[in-house]
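What follows is one structure encoded as structure tokens, with my remarks underneath.
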Amino acid sequence: MNARIALIALVLTACNVASPAPKGWMAIPGSSDAWSQGRGAAREEYSYSRRPFSGTLQDLASAVAIDVLLHSRGAKLRSSEPFAPCPGAAGIATVALPGGTTLREGFAVRDALAVRTVYALPAAAQPDANVQAAMQSVLC
């Protein structure tokens, strides 16, 4: 009987572990931390990463802005603000990229790790609620 209770507890615990992937999105071949949805001009991509980090959330916010602007020629930072589902614990930077793409990069410092999410979508598209949920699961 104790083994049965332990098995049930294990299954329930596994069900509570949030997936970093947006619901319904397909894994990008060759990557364990990137997903996509749509095709052609309507394609959206989402990824996340974790790396050791000893700074503050403000330090990470600066690093995110600098990284995006240095690696994306012609990018324009539109905003950098608290991530509404977990204010004070995470932020999100919105960047307009050349060619009509919007980049929404989420960031948080958790357990001495920089947690970053990157969501690229067409500028005219509405953000997918499943991406918001995936971001919240890894940033908060």
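Reading the sequence shown from the start, the letters are residues -7 to 132 in my numbering. Yeah, the Cβ is synthetic: ideal placement off N, Cα and C, and Gly gets one too.
Where ALA115 falls, given that 16 or more other Cβ within 10 Å makes a residue buried: With fewer than 16 Cβ atoms within 10 Å of its Cβ, ALA115 is classed as exposed.
Collapsed DSSP secondary structure at ALA57 in the structure displayed: In the displayed model, ALA57 falls within a helix according to three-state DSSP.
Inter-residue spacing [alpha-carbon to alpha-carbon] between MET127 and GLY16: Answer to the nearest angstrom: the Cα atoms are 14 Å apart.
Cβ neighbours of ARG42 in the same chain (closer than 6 Å, five flanking residues each side left out): LEU105, VAL107.
Cβ separation of VAL110 and SER39, assumed to be a contact under 8 Å, to the nearest whole Å: About 5 Å; that satisfies the 8 Å criterion.
Extent of the continuous alpha helix (DSSP H) run through ALA126: Note, ALA126: alpha helix (DSSP H), 121 to 131.
Check whether PHE75 and CYS132 have beta carbons under 9 Å apart: Against a cut-off of 9 Å, the Cβ pair of CYS132 and PHE75 comes out as a contact.
Minimum C-alpha distance to LEU113 - residue among VAL101, PHE99, VAL130, GLY91: Among VAL101, PHE99, VAL130, GLY91, the Cα nearest to that of LEU113 belongs to GLY91.
Whole-angstrom distance between ALA100 and GLN118, CA atom to CA atom: Distance between the alpha carbons of GLN118 and ALA100 is about 23 Å.
Buried versus exposed call for LEU62 [16 or more other C-beta atoms within 10 Å across all chains shown]: Residue burial annotation: LEU62 is exposed, with fewer than 16 other C-beta atoms found within 10 angstroms of its C-beta.
Terminal residues of the beta strand (DSSP E) in which GLN29 lies: Element bounds for GLN29: 26 to 29.
GLY83 - containing beta strand (DSSP E), residue span: Per DSSP, GLY83 belongs to the beta strand (DSSP E) from 82 to 89.
Helix, strand or coil at ALA100 according to DSSP, with G and I counted as helix: Three-state result, ALA100: strand.
Spatial neighbours of LYS68 in its chain, beta-carbon cut-off 6 Å, leaving aside the 5 residues before and after: Closer than 6 Å at the Cβ level, and outside the excluded window around LYS68, lie ALA88.
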